[in-house]
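In our numbering, the protein residues as written are 10 to 436.
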């Protein structure tokens, strides 16, 4: 009886990628005169003159039990047009199978392997195993070790974007002599690294890094001031949302990144009990290098208003931050405000939604639709030509309306706290 029970729980054979494609796109197959006629279940697959299935540029096969590549000839024939392949939540364990798939898809530039049970990548004995066309690689929730990452990066010498989120890292163990200058954007969300002395190794390894996303990490400090510029000389965009930063002195360090102009920092302990308006003003005043804050442009007038408010906020305090002296020298000693400011708010807290991800942002209503779209490019991961933007006023709830006028400012839409902006990708 026990033997029978054991047989009942034997794991079913893993599907090949070819089988998963057939299951998703093929409804019927007829054979006539040795020519396969495929009828696709769902677009935008196409049929060639010879009857072969031609797949779309963006191929999504999430949770399809894929474990191996399958028939390489068949895969090559179907996937000539495929540029992006999403294999999230499948059963791929061997990197040799991953390399087989990539080899047969010549135009592939994006590969998502999130939540696959990948085993360590062994030493690669084939020096010709190189895929320079791969640009974006997603390895979230795969628990990939640092040695495997180094070997993978040798195989993909041209990556400009890498995702290593939710892998449980508490330290960073790249070899001291290893560098990878091609990478421009790194997602490192949800890991357990708390020490900036560990995180700075990312900068020393990815020497040309422009964009670093550290959302929901356990980070409390931005490290020693004298080390910041050397570790991240080219970093333009930094996301430290929902970290554990709890001191204004850490925010002051943001101005020490030589190229930093774009920061996202919400949901940190430091902001508890501070109003949204006051928080934004204090952030802007302390970071003269920042042109974009939490998803919105910082116009010149808003910056001046914030800096004046900063001076008034601290002028009665015994202990003043270093930034106070700089701003007092610029604006002089200011009188306390006695008049009531009835001007409408210059920014609103909204939610931006794109497919399966969303983010809460402070949005300046003084920017145009074109400026807003340009800023959202990093969040979407594609230029505005690839998507359309809708505005959803949530209180009256008339439904989303497309933002058709590029030069119209956001305040003309009466944007208010709690509203939504929804992004739809073009087919």
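Heads up, the beta-carbon is just placed ideally off N, CA and C, and yes, glycines get one too.
Only a predicted model underlies this, so the values are computations on that prediction, with no experimental measurement involved.
### Task
Can you check DSSP and say which residues form a bridge with residue 411?
Along the chain shown, read from residue 1 onward, the residue named residue 411 stands at position 402. Note: residue 411 sits in a beta bridge opposite 399.
### Neighbourhood of residue 41 by C-beta distance below 6 angstroms, restricted to the same chain and skipping five residues each side
To locate residue 41, count along the chain shown from 1; it is residue 32. Per-residue confidence for residue 41 stands at a pLDDT of 34, beneath the threshold of 50, marking its modelled position as unreliable; no derived number is given.
### Task
Could you tell me the boundaries of the beta strand (DSSP E) in which residue 194 lies?
Mapped onto the chain shown, residue 194 falls at position 185. Counting along the chain, the beta strand (DSSP E) containing residue 194 begins and ends at 194-196.
### Query
Hey, is the segment 335-342 in contact with the segment 393-410, meaning 3+ C-beta pairs nearer than 8 angstroms?
no
### Query
Are residue 200 and residue 222 close, meaning C-beta to C-beta below 9 angstroms?
Here residue 200 refers to the residue found at position 191 when the chain shown is read from its first residue. Here residue 222 refers to the residue found at position 213 when the chain shown is read from its first residue. Contact flag unset, no.
### Query
The beta strand (DSSP E) with residue 358 in it runs from where to where?
Translated into positions along the chain shown, residue 358 becomes position 349. Taken as a continuous stretch (DSSP letters only), the beta strand (DSSP E) holding residue 358 covers 356-363.
### Task
For residue 368, write down the residues that DSSP places opposite it in a beta bridge.
As a position in the chain shown, residue 368 is number 359, starting the count at 1. 361, per the DSSP bridge assignment.
### Task
For residue 197, collect the residues of the same chain with a Cβ closer than 6 angstroms to its Cβ; drop the 5 residues on either side in sequence, then sort them by chain order.
What you label residue 197 is simply residue 188 of the chain shown in a count that begins at 1. For residue 197, where only same-chain residues beyond five positions count, the Cβ hits under 6 angstroms are 173, 223.
### Query
Quick one: Cα of residue 12 to Cα of residue 250, how far?
Counting from one through the chain shown, the residue named residue 12 turns up at place 3. Counting from one through the chain shown, the residue named residue 250 turns up at place 241. Residue placement at residue 12 is flagged as unreliable, the pLDDT there being 42, under the threshold of 50; the coordinate-derived value follows with that caveat. Cα to Cα, the separation comes out at about 53 angstroms.
### Query
How would you label residue 233, buried or exposed, when you count the other beta carbons within 10 angstroms and need 16 or more for buried?
Against the chain shown, residue 233 aligns to sequence position 224. Answer is exposed; the Cβ neighbour count stays below 16.
### Task
For residue 189, count neighbouring C-beta atoms within 10 Å of its own C-beta (all shown protein chains included) and say buried if the count is 16 or more, exposed if not.
As a first step, residue 189 must be located in the chain shown, where it is residue number 180. Result: buried.
### Query
Distance, Cα to Cα, residue 435 vs residue 356?
Residue numbering aside, residue 435 sits at position 426 when the chain shown is read from its first letter. Residue numbering aside, residue 356 sits at position 347 when the chain shown is read from its first letter. So the two alpha carbons sit approximately 29 angstroms from each other.
### Message
Within 8 angstroms, do at least three Cβ pairs link the segment 300-307 to the segment 261-268?
### Response
no
### Task
Would you tell me roughly how many angstroms separate the C-alpha atoms of residue 417 and residue 377, rounded to the nearest one?
Taking the chain shown and counting its residues from 1, one reaches residue 417 at position 408. Taking the chain shown and counting its residues from 1, one reaches residue 377 at position 368. Rounded to whole angstroms, residue 417 to residue 377 spans 5 angstroms at the Cα level.
### Task
Ignoring anything shorter than 4 residues or poking outside the segment 237-322, list the alpha helix (DSSP H) runs there in chain order.
257-261, 285-295
### Query
Looking at residue 361 and residue 277, is the spacing between their C-beta atoms short of 9 angstroms?
As a working mapping, residue 277 is identified with position 268 in the chain shown. As a working mapping, residue 361 is identified with position 352 in the chain shown. Cβ distance not < 9 angstroms, so residue 277 and residue 361 don't count as in contact.
#### Entry: Three-state secondary structure assigned by DSSP to residue 203
As a position in the chain shown, residue 203 is number 194, starting the count at 1. It is coil, neither helix nor strand.
#### Entry: Same chain, Cβ closer than 6 angstroms to residue 412, five either side skipped, listed in chain order
Here residue 412 refers to the residue found at position 403 of the chain shown. Answer for residue 412: 378, 398, 400, listed in chain order.
### Task
Between the Cα of residue 137 and those of 112, 96, 320, spot the shortest distance and give me the residue it belongs to.
For the purposes of this step, residue 137 is taken as the residue at position 128 of the chain shown. Nearest option by C-alpha distance: 112.
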